[in-house]
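In this note's numbering, the protein residues as written are 1004 to 1302.
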């Protein structure tokens, strides 16, 4: 956790509209009122070049809050296939652009060497680089809509507690059946970054806009703000179905930004006691149904 009182920052991930050229993404986020951005490293060379990122950040007055290392299925060959090498490349990029944090995924079950490195090499790494490397919660995958397969190790809250720094993805938590308030309570001491989106509740990683799924994100953001969290909340949405209608796309981004700002900026006195905010309970309302391939998994 960062120093109490500084408050959470809000950003939007370039993954939300990753099919666009990066220059277009920066312009879109700035024009819809964002001040922070998370860079998803992809096959697009612009996402990998510090000079390009710095120029775009300066041109559009956007703060680079995080670098997401290329751990998605669709980016599996970016910067090679060796996970630790990818992480060091991401740290180097983060250092050059001034991003304080790198997002990584836990090891797949067959990645014994990477699993050992996470246990032995990751702790203390931030002291030598000045960049936090935070591990994101993942989820079991449904194959053909039925069979559930666990691909990653250390997916449970108990297992995530072994990492010094973690990222909480709300859509991933929904797929895994993890209560968001329980996750916040268990992980608060090591929570550095949040990937925020809603979920359709159909067992898929849908990354819906915040007001379209089953998760009660009002309650979660209230609890997050009340907990003293001072990291970054990064909107990581699947907006591919909105890109054909520029007006609708911009309206969705503005609506999601203002929703988050209104919850995160509330005075502490409006939030109730922190202990009450962290009582686990169902975080569900409404229904939605939209599939998302942001993780690159076929389900």
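Ideal Cβ positions, reconstructed from N, Cα and C, are used throughout, including at glycine.
Closest by C-alpha distance to residue i, when choosing among the options
i	options	result
residue 1201	1176, 1230 and 1116	1176
residue 1073	1063, 1090 and 1058	1090
residue 1222	1109, 1167, 1136 and 1183	1183
residue 1144	1162, 1255, 1084 and 1208	1208
residue 1233	1068, 1076, 1084 and 1111	1068
residue 1197	1168, 1179 and 1206	1168
residue 1139	1055, 1173 and 1113	1173
Spatial distance of residue i from residue j (CA atoms)
i	j	result
residue 1181	residue 1164	14 angstroms
residue 1215	residue 1203	8 angstroms
residue 1120	residue 1262	39 angstroms
residue 1128	residue 1191	20 angstroms
residue 1013	residue 1086	28 angstroms
residue 1265	residue 1230	16 angstroms
residue 1258	residue 1116	43 angstroms
residue 1318	residue 1170	Because residue 1318 is not part of the residues shown, which for the chain are 1004 to 1302, the question remains open.
residue 1161	residue 1189	8 angstroms
residue 1125	residue 1050	24 angstroms
residue 1075	residue 1044	10 angstroms
residue 1136	residue 1084	18 angstroms
Exposed unless 16 or more other CB atoms sit within 10 angstroms - verdict on residue i
i	result
residue 1250	exposed
residue 1046	exposed
residue 1109	buried
residue 1142	buried
residue 1088	exposed
residue 1018	buried
Integer Cβ distance of residue i from residue j, believed to fall under 8 angstroms
i	j	result
residue 1036	residue 1260	5 angstroms
residue 1082	residue 1066	With 8 angstroms as the limit, residue 1082 and residue 1066 do not qualify as a contact, their Cβ atoms being about 24 angstroms apart.
residue 1210	residue 1239	6 angstroms
residue 1029	residue 1059	4 angstroms
residue 1267	residue 1228	5 angstroms
*For the 8 angstroms Cβ check, are there 3 or more pairs between the stretch 1092-1109 and the stretch 1122-1142?*
In short, these stretches touch, since the Cβ pair count reaches three.
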